[in-house]
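Asker: I have a structure here, written as structure tokens, and I will follow up with some questions on it.
Structure representation (structure tokens):
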């Protein structure tokens with residue numbers, strides 16, 4: 103049977119709301135009987151990547167030191183903070199400088215903020231959660247912080263952080279066309295630490311964070327959460343659906359820190375996103391990872407659904423707050439976007455045109471025509487309004503496809519194993535000059 107859905111009339115790629123930013127479709131309807139159709143969608147995307155020579159199974163990392171050096175740094179350490187970032191080196195560095203300036207202004211003087219939840223750090227607005235200065239000296243000395251960025255942005259980030267205690271790691275895939283996208287960046291970061299664990303027996307778990315995460319309300323504490331991970335694949339928090347205004351953070355600086363929830367008050371997670379403690383050992387044992395085939399959205403939702411509720415838990419009483427950011431607008435970002443557009447266009451031009459129906463576009467019989475007519479509609483319904491100047495058709499279509507795959511996983515439809523298990527991974531490292 104044909105798949106179907108409603109249109110999200112609130113869809114806005116530029117929106118600060120997650121519920122509006124990544125979801126052109128609503129109320130997606132599919133059943134177990136659609137398994138073959140869904141699997142063909144997955145196989146099509148995998149084939150497009152292969153045809154375009156996107157070698158997801160060949161990863162190269164770029165850094166100023168060797169893999170052995172980073173393995174040595176992790177010996178005897180607590181789980182590192184691993185930040186997946188793009189286009190925000192300036193904002194992060196500004197937060198780094200701001201936090202240092204605020205700490206210096208505190209009288210009587212203190213060596214650091216009291217904990218990662220100390221609200222005084224927000225005196226001038228949002229500051230990244232993962233900065234070493236937000237930890238106690240004891241925590242900071244036993245926990246490293248990494249920024250993972252695509253190789254095109256490596257030098258922008260390296261120059262910003264070379265004189266700090268934050269390590270920048272670049273990544274790329276080999277092949278004619280390089281991997282880009284949300285799934286790829288998380289995939290590259292997780293595979294780096296799977297390699298360290300496999301080869302050097304360090305980093306059995308890591309914190310993975312979005313770069314604009316600034317606060318987690320009622321946070322139990324880093325060590326307290328780590329003590330609860332056990333055999334779970336991941337342990338997270340209640341994701342933020344929007345960015346918080348600077349004025350709200352400044353108000354928080356005047357308030358006492360909220361009372362932490364009990365460390366054992368976690369439950370099955372509908373989605374792990376934005377700030378998650380991942381069990382690298384479990385991923386290594388199961389030979390699983392983030393799917394690099396999710397380009398525009400749903401890389402976190404899909405993995406959570408694939409792993410299952412019993413393997414993923416979260417603190418519903420701990421809300422993630424994200425700060426307003428601004429872009430770098432570097433040449434590297436422009437190159438990345440061009441590469442992403444090429445990849446999205448290839449996926450669209452070689453798509454498996456999914457039989458699809460939508461009540462407000464009755465004449466459309468496939469997903470691509472539903473999306474096209476919804477975008478082009480001058481009146482409503484149908485409509486996905488005001489998006490043509492925010493993203494191209496290929497981006498909207500890709501998000502719709504990834505929504506469908508995520509919903510299929512939620513319905514326990516078996517998808518090809520390769521989606522979360524790229525075969526025969528080959529990894530190399532390249533030393534970058536310290537310039």
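Numbering (my numbering), first residue to last: 103 to 537.
No residue lacks a Cβ here, since even glycine has one placed at the ideal position from N, Cα and C.
Note that the coordinates shown come from a computational prediction; the quantities given were computed from them, not determined experimentally.
Spatial neighbours of residue 473 within its chain, please: CB distance less than 8 Å, with the 5 preceding and 5 following residues excluded, ordered by chain position.
Answerer: Cβ-Cβ distances below 8 Å link residue 473 to 126, 486, 495, 498, 499 and 502 in the same chain, with the five nearest sequence neighbours on each side left out; the list follows chain order.
Asker: With which residues is residue 338 paired in a DSSP beta bridge?
Answerer: 416
Asker: In angstroms with no decimal places, state the Cα-to-Cα distance between residue 358 and residue 221.
Answerer: Going by the C-alpha atoms only, they are around 7 Å apart.
Asker: Helix or strand or just coil, what does DSSP make of residue 270?
Answerer: strand
Asker: Can you tell me which of the three DSSP states residue 163 falls into?
Answerer: Three-state DSSP puts residue 163 in a strand.
Asker: Determine the burial state of residue 301: buried for a count of at least 16 other Cβ atoms within 10 Å of its Cβ, exposed for fewer.
Answerer: exposed
Asker: What does the alpha-carbon distance come out to for the pair residue 215 and residue 323?
Answerer: 14 Å
Asker: First and last residue of the beta strand (DSSP E) that includes residue 252?
Answerer: 247–252
Asker: Return the Cβ separation of residue 180 and residue 280 in integer angstroms, given the expectation that the two are a contact with Cβ distance under 8 Å.
Answerer: Going by Cβ atoms, the distance from residue 180 to residue 280 rounds to 33 Å, so no, they are not a contact pair.
Asker: Take the Cβ of residue 450 as the centre, count every other Cβ of all protein chains shown within 10 Å, and call the residue buried at 16 or more, exposed below.
Answerer: buried
Asker: For residue 191, which residues of its own chain have a beta-carbon under 7 Å away from its beta-carbon, when the five flanking residues on both sides are left out?
Answerer: 258, 259, 262 and 430
Asker: Helix, strand or coil for residue 354 per DSSP?
Answerer: helix
Asker: Looking at the unbroken beta strand (DSSP E) that takes in residue 312, where does it start and where does it end?
Answerer: 308–312
Asker: So, residue 403 versus residue 508, is the Cβ gap smaller than 7 Å?
Answerer: Yes, these two residues count as a Cβ contact at 7 Å.
Asker: Beta-carbon separation of residue 320 and residue 362 under 7 Å?
Answerer: yes
Asker: DSSP state of residue 474, grouped into three classes?
Answerer: Three-state result, residue 474: helix.
Asker: Going by C-alpha to C-alpha distance, which of 188, 298 and 308 sits closest to residue 256?
Answerer: 188
Asker: Measuring CA to CA, which of 247, 339 and 236 is closest to residue 176?
Answerer: 247
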